[in-house]
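So in UniProt numbering, spot 204 of the sequence shown is number 204, and the numbers just go up one at a time.
Each residue gets a CB set at the ideal place from its N, CA and C atoms; glycine is no exception.
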Amino acid sequence: MRQPDPATVVDTAGVDPEAFREERDRLGRSTALVKRWLPLVMVPVIVVHLLGILGVVPMSTSVPLFIAAVVALVGAAFLFNAVRSRRARPFRERADAELVQPVLSSWAREVDRLHGTTGGHLQLGAADERLLRDAGIVDTGDSVHCGESVTGVVAGRSLAVCEYRITEQQGSGEDRETVQIFRGLVAWLPLARAVRGEVRVSPHSRAGFTGGSRLLGGRGLVMENPAFSDWFRVEATDPQQAYYLLTPTVQQHLAALAHRHQGDLALRAVDGQLFLALDLQRDLFDLDLDSRAEVRQDLERIAGELNDVLQVAGVAGAWPEEVAGGQGAQEAASVGSAQPMTVTSGLSTEPEAVAPRRRGGLSRLGALIPVVLFAGWVLFVSSGRVPVFSDEGGFALGPKVLIVVAGGLVVLQLARQALSSRR
1 MRQPDPATVV DTAGVDPEAF REERDRLGRS TALVKRWLPL VMVPVIVVHL LGILGVVPMS
61 TSVPLFIAAV VALVGAAFLF NAVRSRRARP FRERADAELV QPVLSSWARE VDRLHGTTGG
121 HLQLGAADER LLRDAGIVDT GDSVHCGESV TGVVAGRSLA VCEYRITEQQ GSGEDRETVQ
181 IFRGLVAWLP LARAVRGEVR VSPHSRAGFT GGSRLLGGRG LVMENPAFSD WFRVEATDPQ
241 QAYYLLTPTV QQHLAALAHR HQGDLALRAV DGQLFLALDL QRDLFDLDLD SRAEVRQDLE
301 RIAGELNDVL QVAGVAGAWP EEVAGGQGAQ EAASVGSAQP MTVTSGLSTE PEAVAPRRRG
361 GLSRLGALIP VVLFAGWVLF VSSGRVPVFS DEGGFALGPK VLIVVAGGLV VLQLARQALS
421 SRR
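Written out as structure tokens, the structure reads:
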């Protein structure tokens with residue numbers, strides 16, 4: 001499938017992206033300011049509390065101040081998020097109507113023009129969980145946030161794309177935390193060629209994607225393309241159907257796309273339908289309020305991500321050969337089995353470092369410091385027999401134990417974060 005150039009899509013949409021830049025930057029600056037200065041407010045309070053533990057400042061002063069500051073910071077964080085969401089909502093609604101929707105319509109028209117079809121259109125709306133659950137290739141976790149959806153017709157075939165953000169609770173007891181396991185899109189298209197049974201392509205060891213139903217008793221199929229096999233595991237109720245769907249050309253295209261997206265890609269073909277999931281670690285159809293780049297880049301990014309959906313669906317057989325125009329064979333000739341494919345999405349094909357999974361809620365390390373300080377306060381106040389300083393000078397045994405335990409917890413947390421970032 002030929003893919004429209006994102007720059008051309010934006011040019012023909014008839015929009016003025018930079019008219020939104022000032023308002024977007026204003027919202028982004030307020031967020032950056034709070035993120036930068038709010039944690040620093042806690043520093044003098046922690047210092048005063050430490051002085052209280054050491055007996056320099058009366059505990060009757062340091063403890064109430066510390067507790068009040070913690071409560072105030074938590075309340076301020078919730079209040080800021082509520083105010084920010086309320087202020088950003090009108091901007092996002094206007095951007096959807098005046099920027100994103102025209103770009104989606106322009107993209108559908110460009111696809112029609114490239115493939116000689118008519119009637120292409122896309123409509124922006126609200127997503128629900130039905131597509132996510134029908135797809136069966138993304139873990140639903142403990143909480144699913146549905147973003148926006150795009151539905152319509154592209155090159156004569158129906159298309160649905162929905163945004164999802166999924167989190168789950170991991171760990172137990174005090175180590176329990178909320179972890180984001182998927183944030184991206186799930187797409188659906190009907191297949192033009194019949195595929196009997198079910199074929200599932202899952203990334204190796206990627207959190208957030210359903211590992212498959214072990215259709216072959218836990219054994220994955222051996223595929224022809226080594227680069228494809230390095231990224232994906234293939235299962236099918238009928239192995240011949242998997243080889244029929246995943247031709248060498250399809251494997252080369254999927255390996256190239258996996259290279260660009262660090263393997264955060266899965267698909268499933270069942271009952272004449274194709275489901276695709278792509279973890280972007282961001283919302284597809286929203287403008288990035290924290291960005292300072294041109295708004296146009298966000299719009300071109302949207303067109304580029306839709307091109308990825310078009311590419312996968314095209315090589316997997318979502319369109320008849322006469323619509324696809326035989327592009328698969330021509331494009332395959334230019335793709336080396338170990339080299340990323342050059343696409344017209346306008347996005348770089350250079351490999352990027354795998355970004356660590358973003359975690360929800362407060363930083364575990366940041367939340368640990370007040371807990372340790374509060375535990376120290378309880379230790380010294382509840383037992384007047386535990387001195388702060390020894391007769392020989394320096395800290396007594398109690399403070400030393402507290403310092404060692406706190407240091408050990410910090411090192412343990414840093415190690416856990418390092419291991420998490422490598423997964």
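From S172 to E148, what does the alpha carbon distance come to, in whole angstroms?
Taking the sequence shown and counting its residues from 1, one reaches residue 172 at position 172. Taking the sequence shown and counting its residues from 1, one reaches residue 148 at position 148. Spanning the two alpha carbons is a distance of roughly 33 Å.
Could you check whether R268 and A135 sit closer than 9 Å to each other, using their CB atoms as the reference points?
Indexing the sequence shown from 1 puts residue 135 at position 135. Indexing the sequence shown from 1 puts residue 268 at position 268. For A135 and R268, yes; Cβs fall inside 9 Å.
Just confirm the distance between the C-beta atoms of A108 and C162, as a whole number of angstroms; I'd bet it's less than 8 Å.
Position 108 of the sequence shown holds residue 108. Position 162 of the sequence shown holds residue 162. Not confirmed; about 17 Å, so no contact.
When F91, W319, E110 are compared against G304, the one with the closest alpha-carbon
By one-based count along the sequence shown, residue 304 stands at place 304. Minimum Cα distance to G304 is reached at E110.
Express the C-alpha separation of T151 and G125 in angstroms, rounding to a whole number.
Taking the first residue of the sequence shown as 1, we reach residue 125 at position 125. Taking the first residue of the sequence shown as 1, we reach residue 151 at position 151. Cα to Cα, G125 sits roughly 8 Å from T151.
Cβ-Cβ separation, F182 to D279 (assumed contact under 8 Å), whole Å
Within the sequence shown, numbered from 1, the residue matching residue 279 stands at position 279. Within the sequence shown, numbered from 1, the residue matching residue 182 stands at position 182. Sure, about 5 Å apart at Cβ, within 8 Å.
Inter-residue Cα distance where the pair is T61 and G52
Residue mapping note: residue 61 aligns to position 61 of the sequence shown, counting from 1. Residue mapping note: residue 52 aligns to position 52 of the sequence shown, counting from 1. Near 8 Å, if we compare the C-alpha coordinates of G52 and T61.
For G125, list the residues DSSP reports as bridge partners.
Looking up residue 125 in the sequence shown gives position 125. Its beta-bridge partners are S149.
Determine the direct distance from the alpha carbon of P58 to that of V381, and round the result to whole angstroms.
Sequence index remark: in the sequence shown, residue 381 carries index 381 (1-based). Sequence index remark: in the sequence shown, residue 58 carries index 58 (1-based). Reliability of the predicted coordinates at V381 is poor, the pLDDT of 49 falling under 50, and the value obtained from them is presented with this limitation in mind. Those two C-alpha atoms are separated by around 11 Å.
Please report the residue range of the alpha helix (DSSP H) in which E93 lies.
Looking up residue 93 in the sequence shown gives position 93. 59 to 95 is the extent of the alpha helix (DSSP H) around E93.
Let me check understanding here. Comparing Cα to Cα, which of P64, H261, R200, T249 lies closest to A233?
For the purposes of this step, residue 233 is identified with residue 233 of the sequence shown, where counting begins at 1. Note that residue 233 is Arg in the sequence shown here, rather than Ala. Of P64, H261, R200, T249, the residue nearest in Cα terms is R200.
Exposed unless 16 or more other CB atoms sit within 10 angstroms - verdict on L131:
To locate residue 131, count along the sequence shown from 1; it is residue 131. Burial call: buried.
Suppose the cutoff is 6 Å on Cβ atoms and the five residues either side in sequence are ignored; what does the same chain contact list for G28 look like?
Within the sequence shown, residue 28 is the residue found at index 28, counting from 1. If we look at G28 and ignore the five residues flanking it on each side, its Cβ neighbours are L289, D290.
Helix, strand or coil at D112 according to DSSP, with G and I counted as helix
Sequence index remark: in the sequence shown, residue 112 carries index 112 (1-based). D112 falls in the helix class under three-state DSSP.
Which term fits P203, buried or exposed, when burial requires 16 or more other beta carbons within 10 angstroms of its beta carbon?
Locating residue 203 in the sequence shown gives position 203, counting from the first residue. Counting Cβ neighbours within 10 Å, P203 comes out buried, since at least 16 surround it.
Is it true that the CB of N225 sits closer than 9 Å to the CB of Q252?
The residue labelled residue 252 in the question sits at position 252 within the sequence shown. The residue labelled residue 225 in the question sits at position 225 within the sequence shown. For Q252 and N225, yes; Cβs fall inside 9 Å.
Where the alpha helix (DSSP H) through W231 begins and ends
Along the sequence shown, one-based indexing puts residue 231 at 231. Where W231 is concerned, the enclosing alpha helix (DSSP H) stretches over 226 to 231.
Neighbourhood of E129 by C-beta distance below 7 Å, restricted to the same chain and skipping five residues each side:
In the sequence shown, the residue the question calls residue 129 occupies position 129. Closer than 7 Å at Cβ, skipping near neighbours: V144, C146.
Alpha-carbon to alpha-carbon, G272 and P83:
As a first step, residue 83 must be located in the sequence shown, where it is residue number 83. As a first step, residue 272 must be located in the sequence shown, where it is residue number 272. Before going further, note that residue 83 is Val rather than Pro in the sequence given. Taking the straight line from one Cα to the other gives about 46 Å.
Is it buried or exposed for R165, if we count other Cβ within 10 angstroms and need 16 for buried?
Taking the first residue of the sequence shown as 1, we reach residue 165 at position 165. Flag for R165 reads buried.
What is the DSSP secondary structure of G184, counted as helix, strand or coil?
Here residue 184 corresponds to residue number 184 of the sequence shown, with the count starting at 1. G184: strand per DSSP, three-state reduction.
In three-state DSSP terms, what is G52?
For the purposes of this step, residue 52 is taken as the residue at position 52 of the sequence shown. Of the three classes helix, strand and coil, the one that applies to G52 here is helix, per DSSP.
Local conformation of D11 per DSSP, three classes:
Position 11 of the sequence shown, counted from the start, is the residue given in the question as residue 11. D11: helix per DSSP, three-state reduction.
Reducing DSSP to helix, strand and coil, say where E300 ends up.
Locating residue 300 in the sequence shown gives position 300, counting from the first residue. Three-state result, E300: helix.
Straight-line Cα distance separating L254 from G336:
Sequence index remark: in the sequence shown, residue 336 carries index 336 (1-based). Sequence index remark: in the sequence shown, residue 254 carries index 254 (1-based). Reliability of the predicted coordinates at G336 is poor, the pLDDT of 31 falling under 50, and the value obtained from them is presented with this limitation in mind. Cα to Cα, the separation comes out at about 12 Å.
According to DSSP, is A333 helix, strand or coil?
Residue 333 sits at position 333 when you count from the first residue of the sequence shown. At A333, the pLDDT of 34 sits below 50, so the modelled position is not reliable; the number obtained from the coordinates is stated separately. Helix, per DSSP.
S105 burial status per 10 Å Cβ neighbour count (16 or more: buried)
By 1-based counting over the sequence shown, the position of residue 105 is 105. Counting Cβ neighbours within 10 Å, S105 comes out buried, since at least 16 surround it.
Answer yes or no: the CB of V74 versus the heavy atoms of the ligand MG, is any distance below 8 Å?
Ligands are entirely absent from the displayed structure, and the ligand MG is therefore not among its contents.
Which word fits E300, buried or exposed, when buried means at least 16 other C-beta atoms lie within 10 angstroms of its C-beta?
For the purposes of this step, residue 300 is taken as residue 300 along the sequence shown, with counting starting at 1. Flag for E300 reads buried.
By alpha-carbon positions, which one of S229, F209, T117, R24 ends up nearest to R292?
Your numbering for residue 292 matches position 292 in the sequence shown. That would be R24, whose Cα lies nearest to the Cα of R292.
I believe L245 touches A316 by the beta-carbon criterion, under 8 Å. Please report the beta-carbon distance rounded to the nearest angstrom.
Stepping through the sequence shown from its first residue, residue 245 is reached at position 245. Stepping through the sequence shown from its first residue, residue 316 is reached at position 316. Indeed, because the Cβ distance is near 6 Å, the residues count as touching under 8 Å.
At what residues does the alpha helix (DSSP H) containing A256 begin and finish?
Here residue 256 is taken as the residue at index 256 of the sequence shown, counted from 1. Run containing A256: 248 to 260, per the alpha helix (DSSP H) assignment.
Note down, in chain order, each residue of its chain lying with its Cβ closer than 7 Å to the Cβ of L189, except the 5 sequence neighbours on either side.
Translated into the one-based positions of the sequence shown, residue 189 becomes position 189. R157, S158, L159, L274, A313, A318, listed in sequence order.
Cβ pair D298, P17 closer than 9 Å:
As a working mapping, residue 298 is identified with position 298 in the sequence shown. As a working mapping, residue 17 is identified with position 17 in the sequence shown. Yes, the pair counts as a contact, with Cβ atoms nearer than the cut-off.
Separation of D11 from M1, as counted between CA atoms:
Sequence index remark: in the sequence shown, residue 1 carries index 1 (1-based). Sequence index remark: in the sequence shown, residue 11 carries index 11 (1-based). The straight-line gap from Cα to Cα measures roughly 21 Å.
CB-CB length for P102 against G197, believed under 8 Å:
For the purposes of this step, residue 102 is taken as the residue at position 102 of the sequence shown. For the purposes of this step, residue 197 is taken as the residue at position 197 of the sequence shown. Contact doesn't hold; Cβ gap of about 41 Å is too wide.
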